[in-house]
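Working notes, beginning with the structure itself.
In the working numbering, the protein residues as written are 93 to 397.
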């Protein structure tokens, strides 16, 4: 069987660059009166399997019911049977087994919890774009691939078959991708590469840049791919993405190079050559402008981090 190369996909490219890793880490049950405070540093993703509770974060209070899933990005939040209860640290609900939590004697509410973490060096590509709280209600989830994924997550967690933990981690990652697709499908108010994907001409240019990051793109080349005049395309791209087209292409080229440098398997000269530079000095200057450090400094800081 011949497997064709997959089409260029900027979202997948970014998830690879930021090294998005998912882990289905917790099953949690609660009953009676309870309130727990969580303090995630990056992204928490949870599914309510049965019962109901409240979530409180940054002035927002919402009731969650069976089948709902929610994502919290880099901000403290409280889960509670009553939003007016004084919360305690969530660690108090977990004993020796950090994957199982319990409050009260009756499992009135049950959740499966996971997390998504990113490489700190390049997390700014994605983390600031995520909503602080994103709730997908059961009715919405059931009408999308999320409904099937949630059912599979529950089945894998409960089934205990060989490889179940890895399968659960992969399903959490898929749920995260689906949540991003669903939330940003109509665009985002924040100018970014993610916002650009909802604009077809800009998306075509982004796909070209991501498909050939070593190419030193010119405005005219990208405008032709987008099907726009140079001036109209430059304005449209900057409005959607937040920076000029050629500037974005340069930044993406340096981010790809930074990922290679952190991997530590290639020499700096090799990385420079693969980024399309004929001299190390030109690469060093461009890299420092975009990444705030020389290639050697960056490698020392983030290698095998």
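C-beta: ideal position from N, C-alpha, C; glycine also.
contact_flag[the segment 101-113, the segment 222-234] where n(CB pairs < 8 Å) is 3 or more: no
Selected residue, minimal CA-CA separation from residue 109, among 357, 346 and 382: 346
Those residues which DSSP pairs with residue 194 across a bridge: 121
At least 3 beta-carbon pairs within less than 8 Å: the segment 141-152 vs the segment 161-178: yes
Three or more C-beta pairs below 8 Å linking the segment 116-125 and the segment 199-207: yes
Per DSSP, cross-strand counterpart(s) of residue 161: Answer is 139 and 228, bridged to residue 161.
Pairwise C-alpha distance: residue 312 and residue 292: Roughly 17 Å between the two C-alpha positions.
DSSP state of residue 181 mapped onto helix, strand, coil: strand
Residue 94 classed as buried or exposed, judged by whether at least 16 other C-beta atoms fall within 10 angstroms: At residue 94, the pLDDT of 44 sits below 50, so the modelled position is not reliable and the matter cannot be decided from this model.
Closest Cα partner of residue 287 within the set 310, 335 and 373: Considering only 310, 335 and 373, the residue with the shortest C-alpha distance to residue 287 is 335.
Nonlocal neighbours in the same chain, by C-beta distance under 7 Å from residue 211, ignoring five residues either side: Same-chain partners within the cutoff: 110 and 111.
Cβ contact (3+ pairs, closer than 8 Å) linking the segment 246-257 and the segment 292-312: No: the two stretches stay apart, fewer than three of their Cβ pairs being nearer than 8 Å.
Beta carbon of residue 383 nearer than 8 Å to that of residue 394: Against a cut-off of 8 Å, the Cβ pair of residue 394 and residue 383 comes out as no contact.
Residue 221 and residue 284 closer than 8 Å at C-beta: yes
Straight-line Cα distance separating residue 265 from residue 199: When rounded, the distance between both Cα atoms is 27 Å.
Through-space distance from residue 240 to residue 187, alpha-carbon basis: 31 Å
Candidates 138, 154, 127 and 165: closest to residue 178 by CA position: Closest by alpha carbon: 127.
Where the beta strand (DSSP E) through residue 56 begins and ends: For the chain, the structure presents residues 93 to 397; residue 56 sits outside this window and is missing.
Burial state of residue 125, where buried means 16 or more other Cβ atoms lie within 10 Å: exposed
Where residue 150 falls, given that 16 or more other Cβ within 10 Å makes a residue buried: exposed
Residue 130, DSSP secondary structure in three states: strand
Limits of the beta strand (DSSP E) - the one that residue 325 falls within: Unbroken run through residue 325 is the alpha helix (DSSP H), 322-333; no beta strand (DSSP E).
C-alpha distance - residue 385 paired with residue 135, whole-angstrom precision: The alpha-carbon atoms of residue 385 and residue 135 are separated by roughly 27 Å.
Bridge-paired residues (DSSP) for residue 298: Its beta-bridge partners do not exist; DSSP assigns none.
Burial state of residue 360, where buried means 16 or more other Cβ atoms lie within 10 Å: buried
Rounded straight-line distance, which links the Cα of residue 333 to that of residue 76: No answer is possible for residue 76: the residues shown for the chain start at 93 and end at 397.
Closest Cα partner of residue 294 within the set 331, 259, 276 and 263: 331
Counted within 10 angstroms of its Cβ, other Cβ atoms place residue 197 as buried (16 or more) or exposed: exposed
Check whether residue 214 and residue 350 have beta carbons under 8 Å apart: Yes, these two residues count as a Cβ contact at 8 Å.
Buried/exposed call for residue 218, threshold 16 Cβ in 10 Å: buried
Reduced DSSP category for residue 94 - H, G, I as helix; E, B as strand; rest coil: Note on residue 94: pLDDT 44, under 50, position unreliable in the model; the coordinate value appears next. Residue 94: coil per DSSP, three-state reduction.
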